Amino acid sequence: MLAGYETTSTALAYATYELARHPEVLQKLQAEIDQLPLGNGDSSDEKTKEYPDYDVVAQMPYMDMFVSEVLRMYPIANTVINRCASEDTIVQGIKIEKGTLVHADIYSIHYDRDLWGPEDPYVFFPERHETKRHPMAYLPFGAGPRQCIGMRFALIEMKMLLVRMLRKYSILPDNVPYTRHYHLTPYCQQPDDDDEQDEEITNIKDKIEGKPIIFSELNKQKVTSEQLLLCWHIPIPFSFLPVNRIATQLQIHDIEDREPCSSSCENHGRCMRCTNNKSLFFCQCEHGYSGPRCNIQHRCSCTNDSYCLTSSICVCSLHKFGPRCHLKNSIYQSNNTSCQHNGLCTTHDDRISFRKFTYFCKEDYSGERCESRNNEITIPLHETITTIASSLFIHFITAFSNVKHEQITLFSN
Ligand code: HEM
Numbered sequence: 086m087l088a089g090y091e092t093t094s095t096a097l098a099y100a101t102y103e104l105a106r107h108p109e110v111l112q113k114l115q116a117e118i119d120q121l122p123l124g125n126g127d128s129s130d131e132k133t134k135e136y137p138d139y140d141v142v143a144q145m146p147y148m149d150m151f152v153s154e155v156l157r158m159y160p161i162a163n164t165v166i167n168r169c170a171s172e173d174t175i176v177q178g179i180k181i182e183k184g185t186l187v188h189a190d191i192y193s194i195h196y197d198r199d200l201w202g203p204e205d206p207y208v209f210f211p212e213r214h215e216t217k218r219h220p221m222a223y224l225p226f227g228a229g230p231r232q233c234i235g236m237r238f239a240l241i242e243m244k245m246l247l248v249r250m251l252r253k254y255s256i257l258p259d260n261v262p263y264t265r266h267y268h269l270t271p272y273c274q275q276p277d278d279d280d281e282q283d284e285e286i287t288n289i290k291d292k293i294e295g296k297p298i299i300f301s302e303l304n305k306q307k308v309t310s311e312q313l314l315l316c317w318h319i320p321i322p323f324s325f326l327p328v329n330r331i332a333t334q335l336q337i338h339d340i341e342d343r344e345p346c347s348s349s350c351e352n353h354g355r356c357m358r359c360t361n362n363k364s365l366f367f368c369q370c371e372h373g374y375s376g377p378r379c380n381i382q383h384r385c386s387c388t389n390d391s392y393c394l395t396s397s398i399c400v401c402s403l404h405k406f407g408p409r410c411h412l413k414n415s416i417y418q419s420n421n422t423s424c425q426h427n428g429l430c431t432t433h434d435d436r437i438s439f440r441k442f443t444y445f446c447k448e449d450y451s452g453e454r455c456e457s458r459n460n461e462i463t464i465p466l467h468e469t470i471t472t473i474a475s476s477l478f479i480h481f482i483t484a485f486s487n488v489k490h491e492q493i494t495l496f497s498n
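Just so we're on the same page, the working numbering is the position in the sequence shown counted from 1, plus 85.
(1) When you compare the CB positions of L200 and A228, do they come within less than 8 Å of one another, or not?
(2) Which residues share a DSSP beta bridge with N167?
(3) I'd like to confirm something about V187: is its beta-carbon nearer than 7 Å to some heavy atom of the ligand HEM, or not?
(4) So, does the region 229-248 touch the region 137-147, judging by three or more C-beta pairs under 8 Å?
(5) Per the DSSP calculation, Y136 is bridged to which residue(s)?
(6) Short check: CB of H214 to CB of M145, under 8 Å?
(7) Report the three-state DSSP secondary structure of V208 (helix, strand or coil).
(8) Can you find a heavy atom of the ligand SAM that lies under 7 Å from the Cβ of R231?
(9) As an exercise, report each continuous beta strand (DSSP E) stretch of at least 3 residues that is fully enclosed by the region 438-482, in chain order.
(10) Excluding the 5 residues preceding and the 5 following P225 in the sequence, name in chain order all residues of the same chain whose CB lies nearer than 6 Å to its CB.
(11) As a quick exercise: from E491, Y450, Y102, pick the residue whose alpha carbon is nearest that of P258.
(12) Let me check you understand the geometry: is the CB of L111 closer than 7 Å to at least one non-hydrogen atom of the ligand HEM?
(13) Can you name the start and end residues of the alpha helix (DSSP H) that E154 belongs to?
(14) Mapping DSSP to helix, strand and coil, what is I398?
(15) Since S497 is in the beta strand (DSSP E), which residue starts that stretch and which ends it?
(16) Which residues mark the beginning and the end of the beta strand (DSSP E) in which T92 is found?
(17) Quick check on I118: does DSSP put it in helix, strand or coil?
(18) Would E351 and N389 be called neighbours here (beta carbons separated by less than 8 Å)?
(19) Going by DSSP, name the residue or residues bridged to Y254.
(20) Within the same chain, show all residues whose beta-carbon is closer than 7 Å to that of Y267, passing over the 5 residues directly before and after it, in chain order.
(21) In three-state DSSP terms, what is F406?
(22) What does DSSP give as the partner residues of I181 in its beta bridges?
(23) Compare the C-alpha of S451 against each of G373, T463, I473, C424 and name the closest.
(24) Please confirm whether any heavy atom of the ligand HEM lies closer than 7 Å to the CB of T92.
(25) D118 to R198, Cα distance in whole Å?
(26) Starting from the Cα of L251, find the closest Cα among A162, K447, Y192, L114 and give me that residue.
(27) By Cβ distance, which residues of its chain are closer than 6 Å to H490, with the 5 residues on each side in sequence left out?
(28) Can you pull the DSSP bridge partners for C393?
(29) Do you know how far the Cα of A100 is from the Cα of R168?
(30) Under 7 Å Cβ to Cβ from F366, same chain only, skipping five residues before and after it: list those, please.
(31) May I have the straight-line CA-CA distance separating C233 from M158, to the nearest angstrom?
(32) Measure how close the beta-carbons of I194 and I166 come, nearest whole angstrom, since I'm counting them as under 8 Å.
(33) Could you tell me the distance, in whole angstroms, from the CA atom of S364 to the CA atom of E371?
(34) Is it buried or exposed for P211, if we count other Cβ within 10 angstroms and need 16 for buried?
(35) Between which two residues does the alpha helix (DSSP H) carrying R231 extend?
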């Protein structure tokens, strides 16, 4: 997994990080991508437009320099480049005994001014790769017989993805300061029951069980600090990376389990202990305030039917999307009727696919459009049976492992 997956995805995370920091690099890369031939002489070939082939992507000088610069500045697998001396040896006057593990200091090599100047090696500058350097000055994939065997594959994979992504999207920097504090606002959607919508959530566990939890349909005026209920402490494993993927299971306990604590949450917050680590706490902020001590006031620019989590995060209602929830999800609206049994369907992300739906089905229903009833088995009878038989008895026996079997008999005339 580490060799074939984490390496390329982490390198791509750094690539997007540098693109966000350097709009001029993004522009040059997009200019090169826009000039790529669209298909084999046939510009209507949509598939080739989406998936440029190997030969096309391999002929992109600026892309090549860009990827090389990403891997020079972020040689992500530097720790695995080591060798064990199989016999006593002397290298430039230094005696290395048999069995000694020798580790190459890749960062010092990649940031060496003599090897990578005259431009400052601490600056992201793809054009530096136009100059031919010493072959051992660039070692993101190691060197020698044990060099990375996935190198060519990884490079083409990275380039393919960047071409496809940057053809449609630009990566822009976030202009708000980076914060690691997030509040999740769980809310149980009860689509057809308006009376229930106003009800205060007193026992989250009961409400959530068996129902989808979605972050939507919150009425801005009604949200109070009471609805920011829980906190989980989830450590970030590789905090030096600009992007981290975290998969975790959030255990939801009864709200009564919450224990108050004493810490300064200024005037607009309440100190609460974290659900999975009682020694840690968080400040439960009033609406309109955020930050570790609830002392950051923000103006909300989300639409009225959405919820302003912080000054930069809007939680949109089901049929809206966009950074400020101004955009209407027309797909959701036009397909709403195709969602059966009073369920709600919305596209995963209509910028990616118009066909993939997320469904919020009523209890006992499931399927892409809530079409199937849970625990329902359909047994079709062949028409020869129904034509030759004048009446039918059908016995269904349900077998349970711990209680007596159950039998149901149906009679049809
Ligand atoms: C950007 C992506 C990648 C980077 C930066 C990277 C880097 C490295 C490095 C530094 C080594 C050690 C080389 C040495 O000791 O001299 C290595 C080894 C290896 N890599 Fe990669 N790698 C990447 C992607 C991949 C992919 C996609 C695969 C497989 C599909 C792969 C498979 C391997 C294998 C099997 C080895 C061990 C080779 C051996 O010991 O003979 N790598 N990689």
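Beta carbons are placed, not taken as given, at the ideal position from N, Cα and C, and that holds for glycine. Please read these numbers as outputs of a predicted model, since none were measured by experiment.
Straight from the coordinates:
(1) no
(2) H188
(3) no
(4) yes
(5) Looking at the DSSP assignment, Y136 forms no beta bridge with any residue, so it has no partner.
(6) no
(7) coil
(8) As presented, the structure is devoid of the ligand SAM, carrying the ligand HEM as its sole ligands.
(9) 442-445
(10) L156, P160
(11) Y102
(12) no
(13) 146-158
(14) coil
(15) 491-497
(16) Where T92 is concerned, there is no enclosing beta strand (DSSP E), although the alpha helix (DSSP H) it sits in stretches over 92-106.
(17) helix
(18) no
(19) According to DSSP, which records beta bridges pairwise, Y254 is partnered with nothing at all.
(20) Residue confidence for Y267 is low, a pLDDT of 36 falling below 50, so the modelled location carries little weight and cannot support an answer.
(21) strand
(22) T174
(23) C424
(24) yes
(25) It should be pointed out that residue 118 corresponds to Ile in this sequence rather than to Asp. Roughly 31 Å between the two C-alpha positions.
(26) L114
(27) I482, A484
(28) C399
(29) 29 Å
(30) C346, S348, C356, M357, R358, C359
(31) 18 Å
(32) With a Cβ gap of about 10 Å, I194 and I166 do not count as contacting.
(33) 23 Å
(34) buried
(35) It is not in any alpha helix (DSSP H) - R231 carries neither H nor E in the DSSP assignment.
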